[in-house]
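J.:
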């Protein structure tokens, strides 16, 4: 397998993977990271990409946009604290939170500030941008709904502990996890709690949604599948703390938990488990029938 750059230049070669099933470590060649700038990129207009500014601690406060082809910096936006959230783009505007307890909106083309909104605590949750509203969790234990055009707080709903989980929206329902052990579902227009489901420990993972199925991991080591009314369809032991969000394939849901697991969407049964060469905290990326994950040992893996 070959991964190619934006202009077709060959970057890495990946050896064929063994047959799936049980524990395995795929053979990987020439994919050791030489440096790391970020863990996320979002496409912007005019072939630019926006990314959290992940530099040495004194310099990592903000976001910058680079040209996708040349890598040249297009613009930079500074904040009063570190940015660990992923930028979200909608309607030509980039939305992101910061450890300085603020949400920011900047123009995607220029980086010019649209608005800044103080919240009640540090923001490690990646926002969900709907057409007119922004939803985001906060370290003060609340989920906030902000007006997308002005940043005005429309409503906030308190949970029992801080929120690092990122929200998902299904119809008019916002779903998010909290460190108070609960998964919450709220009315997207009012913030009223429709239901909540208790797991065994705090939740830093973010929900993934397929049709009306919500799947989310907990620090208790289980993956939970809930329907939109809040009923448990299944839960599956992943054997380790789950903090990254799951991703859906055609018939499977994949999650990072001391490696990579693929589970049957309908039953939660483990289909295969990949024990990689180092701890994995990154979010898996699904492209076609290949899952790409980065490990803390400096390797990037491709799994069928």
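Residue numbers (the numbering used here): 75 to 378. A virtual CB, placed ideally from N, CA and C, is assigned to each residue, including glycine.
Sort 365, 359 and 361 by Cα distance to residue 346 and report the nearest one.
T.: For residue 346, the nearest C-alpha among the options comes from 365.
J.: Tell me which residues share the same chain as residue 278 and place their Cβ nearer than 8 Å to its Cβ, disregarding the 5 neighbours each side in the sequence.
T.: Correct list, in chain order: 238, 239, 251, 253, 293 and 317.
J.: So what's residue 281 in DSSP terms, helix, strand or just coil?
T.: Residue state, collapsed to three classes: coil.
J.: What alpha helix (DSSP H) runs, 4 residues minimum, are completely inside the stretch 130-178?
T.: For the stretch 130-178, not a single whole alpha helix (DSSP H) run of length 4 or above is found.
J.: Would you check if the distance between the CB atom of residue 168 and the CB atom of residue 161 is smaller than 7 Å?
T.: Their beta carbons are under 7 Å apart, which means residue 168 touches residue 161 by this criterion.
J.: Mapping DSSP to helix, strand and coil, what is residue 365?
T.: In the structure shown, residue 365 sits in a strand (DSSP, three-state: E or B).
J.: Let me check one thing: in DSSP terms, what residues is residue 198 bridge-paired to?
T.: Residue 198 is not bridged to any residue.
J.: With H, G and I counted as helix, E and B as strand and the rest as coil, what does DSSP make of residue 255?
T.: The answer is coil: DSSP assigns residue 255 none of H, G, I, E or B.
J.: Tell me, which residues are paired with residue 301 by DSSP?
T.: Residue 301 pairs with 287.
J.: Specify, as a first and last residue, the run of the beta strand (DSSP E) that residue 293 falls within.
T.: From DSSP, residue 293 is part of no beta strand (DSSP E); its letter is neither H nor E.
J.: For the 8 Å Cβ check, are there 3 or more pairs between the stretch 305-322 and the stretch 281-290?
T.: Yes, they touch.
J.: Please report how far the alpha carbon of residue 217 lies from the alpha carbon of residue 360, in whole angstroms.
T.: Near 28 Å, if we compare the C-alpha coordinates of residue 360 and residue 217.
J.: Thinking C-alpha only, which one of 156, 301, 377 and 211 is nearest residue 329?
T.: It is 377.
J.: Looking at the strands, I want to know which residues DSSP matches up with residue 264.
T.: Its beta-bridge partners do not exist; DSSP assigns none.
J.: To which residues of the same chain is residue 209 closer than 6 Å at the C-beta, ignoring the five residues directly before and after it?
T.: The residues are 202, 219, 241 and 248.
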